[in-house]
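Enquirer: Each protein sequence line maps, in turn, to chains C, D, U and E.
Residue numbering for the first sequence is 0 to 111, as defined by numbering that gives the first Met the number 0.
Residue numbering for the second sequence is 0 to 111, as defined by numbering that gives the first Met the number 0.
Residue numbering for the third sequence is 0 to 111, as defined by numbering that gives the first Met the number 0.
Residue numbering for the fourth sequence is 0 to 111, as defined by numbering that gives the first Met the number 0.
Quick one: this structure, given as structure tokens, is what I'll be asking you about.
Number of protein chains: 4
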Amino acid sequence: MTLEELSSRQRAFADARAWGPFHTPKNLVMALTGEVGELNELFQWLTPEEAAAAPDDPDARARIEDEMADVLLYLVRLADVLGVDLIAAGNAKIDRNETRFPPDVGRTALER
Amino acid sequence: MTLEELSSRQRAFADARAWGPFHTPKNLVMALTGEVGELNELFQWLTPEEAAAAPDDPDARARIEDEMADVLLYLVRLADVLGVDLIAAGNAKIDRNETRFPPDVGRTALER
Amino acid sequence: MTLEELSSRQRAFADARAWGPFHTPKNLVMALTGEVGELNELFQWLTPEEAAAAPDDPDARARIEDEMADVLLYLVRLADVLGVDLIAAGNAKIDRNETRFPPDVGRTALER
Amino acid sequence: MTLEELSSRQRAFADARAWGPFHTPKNLVMALTGEVGELNELFQWLTPEEAAAAPDDPDARARIEDEMADVLLYLVRLADVLGVDLIAAGNAKIDRNETRFPPDVGRTALER
Numbered sequence: 000m001t002l003e004e005l006s007s008r009q010r011a012f013a014d015a016r017a018w019g020p021f022h023t024p025k026n027l028v029m030a031l032t033g034e035v036g037e038l039n040e041l042f043q044w045l046t047p048e049e050a051a052a053a054p055d056d057p058d059a060r061a062r063i064e065d066e067m068a069d070v071l072l073y074l075v076r077l078a079d080v081l082g083v084d085l086i087a088a089g090n091a092k093i094d095r096n097e098t099r100f101p102p103d104v105g106r107t108a109l110e111r
Numbered sequence: 000m001t002l003e004e005l006s007s008r009q010r011a012f013a014d015a016r017a018w019g020p021f022h023t024p025k026n027l028v029m030a031l032t033g034e035v036g037e038l039n040e041l042f043q044w045l046t047p048e049e050a051a052a053a054p055d056d057p058d059a060r061a062r063i064e065d066e067m068a069d070v071l072l073y074l075v076r077l078a079d080v081l082g083v084d085l086i087a088a089g090n091a092k093i094d095r096n097e098t099r100f101p102p103d104v105g106r107t108a109l110e111r
Numbered sequence: 000m001t002l003e004e005l006s007s008r009q010r011a012f013a014d015a016r017a018w019g020p021f022h023t024p025k026n027l028v029m030a031l032t033g034e035v036g037e038l039n040e041l042f043q044w045l046t047p048e049e050a051a052a053a054p055d056d057p058d059a060r061a062r063i064e065d066e067m068a069d070v071l072l073y074l075v076r077l078a079d080v081l082g083v084d085l086i087a088a089g090n091a092k093i094d095r096n097e098t099r100f101p102p103d104v105g106r107t108a109l110e111r
Numbered sequence: 000m001t002l003e004e005l006s007s008r009q010r011a012f013a014d015a016r017a018w019g020p021f022h023t024p025k026n027l028v029m030a031l032t033g034e035v036g037e038l039n040e041l042f043q044w045l046t047p048e049e050a051a052a053a054p055d056d057p058d059a060r061a062r063i064e065d066e067m068a069d070v071l072l073y074l075v076r077l078a079d080v081l082g083v084d085l086i087a088a089g090n091a092k093i094d095r096n097e098t099r100f101p102p103d104v105g106r107t108a109l110e111r
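Put into structure tokens, the structure is as follows:
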């Protein structure tokens, strides 16, 4: 399945429930924010080591995948409503980042 | 370009800068949060009508695409680090949502 | 009760549970983010009019106060851990904003 | 200065600029989210040790205080618009937390 097919399925899901009027850009940004908040909650009290090992635990992995799916689905839905091609936008952003952060700058770039 | 190819390019970009040690799950969740915050800032003072019309303005569209790209890139990078298949996770979540929110429930489902 | 007294009570609460090691700056920023995400979830599907009327509904008001309390408590806890005087910082920020946004600039300031 | 006085000053600041129409609950929640995003950006690439030491660096401290001030000011403004007594809400929440998380439960409570 491609990202575009996932977006089409998500659109059909929303249409079948007549959720279009609720899926305004501002509402979807807030919904995306809510899901990112839930993703934070999964990791907030873990040490860096515990966080890195979380995917090895089936229950933790299921929760992480569930929240990341929610983030992706609202992002994809927002892109659909706004007419944004997510993959093209992401690829164009890496192009710009190649210029902004030349490979040899290393850590310094992170420190801005 | 597929989401998987975008993820590979993003990984190569990080590897070329030796950013791996910074790309821990917690750090990436925080970076994702920062970008979602910037996306909120683009829409926060707009009326619902202004928000819906924003993509028609080339400057506003460029800013929106830039922030959505950042959100996607950190989400894709987090998935890569955690070994999560984003598309499969998103598709499985729609499967579950089909059960949770039968089509005829409509608005009520949104109100929980 | 003052904000400082609330902070002291929150600190005593954490100390009594030996939560100090979990209350690192990064963890608290993530926990604050999680609560802001929950606050978004309360408002995300409401129209502007429904959102303005929400405090008139006792159940909705209780949920809003609960989430705003959580946001405040993690913010206060983070300030305590970092040694930040929140009220002084907020007051100093209004001082700077008085200069950045002269009163007659009006809406323009919001549009940046 | 008390939190209530800070709220009054913030309200006068908004009134002098006729920002009332922009300060709807949803808009303020989004603005709060944007500032929490900026706070995340300050800490996202730091190790836990670097984050704990950040307040010792005058520049880093100034940036942290600035972002925490923004978070507080939007939270205080949202509370004013919604008619919420933040300190009372926070205090009532600690009351409930005393019951939810008895002192001897310790870490377990964090793990839910």
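We put the CB at the ideal spot given by N, CA and C, even for glycine.
#1: Since Q43 (chain C) is in the alpha helix (DSSP H), which residue starts that stretch and which ends it?
#2: Between D52 (chain C) and the rest of its own chain, which residues show a CB-CB distance below 7 Å, the 5 nearest in sequence each way excluded?
#3: For P54 (chain E), which residues of its own chain have a beta-carbon under 7 Å away from its beta-carbon, when the five flanking residues on both sides are left out?
#4: Taking Cβ-Cβ distances shorter than 9 Å, what residues in chain C pair up with K25 (chain E)?
#5: Count the C-beta pairs between the segment 37–49 of chain D and the segment 75–84 of chain D that are closer than 8 Å, then say yes if the count reaches three, no if not.
#6: Counting only beta-carbon atoms, is T1 (chain C) nearer than 9 Å to chain E?
#7: Please state whether DSSP places M67 (chain E) in a helix, a strand or coil.
#8: To which residues of the same chain is H22 (chain C) closer than 7 Å at the C-beta, ignoring the five residues directly before and after it?
#9: Quick one: is T98 (chain U) buried, meaning 16 or more other Cβ sit within 10 Å of its Cβ, or exposed?
#10: Which residues in the same chain have their Cβ closer than 8 Å to the Cβ of Q9 (chain E), if we skip the five residues on either side of it in sequence?
#11: Compare the C-beta of T142 (chain C) against all C-beta atoms of chain E and say whether one is closer than 9 Å.
#12: Less than 7 Å between C-beta atoms, sequence neighbours within five positions excluded: which residues of the same chain meet that for E4 (chain D)?
#13: Taking Cβ positions, are N39 (chain E) and G33 (chain D) nearer each other than 9 Å?
#14: Contact check, L31 (chain E) vs V70 (chain E) under 8 Å by CB: the rounded distance?
#15: Around the Cβ of R95 (chain C), are there at least 16 other Cβ atoms within 10 angstroms (buried) or fewer (exposed)?
#16: Measure how close the beta-carbons of I93 (chain C) and M0 (chain D) come, nearest whole angstrom, since I'm counting them as under 8 Å.
#17: Using 8 Å for Cβ pairs, my map puts G36 (chain D) next to E37 (chain E). What's the rounded Cβ distance?
#18: Hey, does P57 (chain C) have any beta-carbon neighbour from chain E nearer than 9 Å?
#19: Determine the direct distance from the alpha carbon of P101 (chain C) to that of A68 (chain U), and round the result to whole angstroms.
#20: For chain D, find out if any of its Cβ atoms is closer than 9 Å to the Cβ of V75 (chain E); answer yes or no.
#21: Hey, could you find the ends of the alpha helix (DSSP H) R99 (chain D) is sitting in?
#22: Please list, in chain order, the chain E residues whose beta carbon lies closer than 8 Å to that of R8 (chain U).
#23: Using the Cβ count rule (16 or more neighbours within 10 Å means buried), how would you classify P24 (chain C)?
#24: Please report the straight-line C-alpha distance between A17 (chain C) and A11 (chain C), rounded to a whole angstrom.
#25: Measuring alpha carbon to alpha carbon, tell me which residue in D:M29, D:L41 and D:G19 is nearest F42 (chain E).
#26: So Q40 (chain D) contacts chain E; which residues on that side make the cut at Cβ distance below 7 Å?
#27: Return yes when at least one heavy atom of the ligand GTP lies under 8 Å from the C-beta of T32 (chain C), else no.
#28: DSSP on A17 (chain D), reduced to helix/strand/coil?
#29: Measure from the C-beta of G82 (chain E) to each C-beta in chain U and report whether the shortest distance is under 9 Å.
#30: Rounding to the nearest angstrom, what Cα-Cα distance links D56 (chain E) and A15 (chain C) in this structure?
#31: Consider the Cβ of E37 (chain U): report whether some Cβ of chain C lies at a distance smaller than 9 Å.
#32: Roughly how many angstroms separate the alpha carbons of R111 (chain E) and A91 (chain D), rounded to a whole number?
Expert: So, from the data block:
#1: That residue, Q43 (chain C), is in no alpha helix (DSSP H); it is neither H nor E in DSSP.
#2: In the sequence as presented, Asp is not what sits at residue 52 (chain C); that position holds Ala. Cβ neighbours of A52 (chain C) beyond the five flanking positions: none.
#3: Answer for P54 (chain E): R60 and I63, listed in chain order.
#4: Neighbours of K25 (chain E) in chain C, taken as residues at a C-beta separation under 9 Å, are given in chain order as K25, N26 and M29.
#5: Contact between the segment 37–49 of chain D and the segment 75–84 of chain D is absent: fewer than three C-beta pairs spanning the two stretches fall below 8 Å.
#6: For T1 (chain C), not one C-beta of chain E is nearer than 9 Å to its own C-beta.
#7: Under the three-state reduction of DSSP, M67 (chain E) is assigned to helix.
#8: The residues are A13, R76 and V80.
#9: By the C-beta density criterion, T98 (chain U) is exposed, having fewer than 16 other C-beta atoms within 10 angstroms.
#10: Leaving aside the five residues that flank Q9 (chain E) on each side, the residues in its chain whose CB is nearer than 8 Å to its CB run, in chain order, L72, V75, R76 and D79.
#11: The question about residue 142 (chain C) has no answer here: the residues shown for chain C are numbered 0 through 111.
#12: No residues qualify anywhere along the chain.
#13: Contact: yes.
#14: Right, the Cβ-Cβ distance comes to about 7 Å (below 8 Å), so this counts as a contact.
#15: With fewer than 16 other Cβ atoms within 10 Å, it is exposed.
#16: Contact flag wrong, Cβ pair sits at about 10 Å.
#17: The Cβ separation is near 6 Å, so the contact holds.
#18: The C-beta of P57 (chain C) comes no closer than 9 Å to any C-beta of chain E.
#19: Approximately 44 Å between the Cα atoms of the pair.
#20: Using a CB distance cut-off of 9 Å, V75 (chain E) does not count as an interface residue toward chain D.
#21: That run of the alpha helix (DSSP H) goes L85 to R99.
#22: Within 8 Å Cβ-Cβ: N90 and I93.
#23: By the 10 Å Cβ count, P24 (chain C) comes out buried.
#24: Taking the straight line from one Cα to the other gives about 10 Å.
#25: Selected option, being the one with the closest Cα: D:M29.
#26: Note that residue 40 (chain D) is Glu in the sequence shown here, rather than Gln. Per Cβ cutoff of 7 Å: G33.
#27: Only the bare structure without any ligand can be found here, which leaves the ligand GTP out of the picture.
#28: Residue state, collapsed to three classes: coil.
#29: So, interface residue.
#30: Answer to the nearest angstrom: the Cα atoms are 55 Å apart.
#31: For E37 (chain U), the answer is yes, since a Cβ of chain C falls inside 9 Å of its Cβ.
#32: Summary for R111 (chain E): the model assigns pLDDT 43, below 50, so the residue's position carries little reliability; its value from the coordinates is reported in the next sentence. Taking the straight line from one Cα to the other gives about 25 Å.
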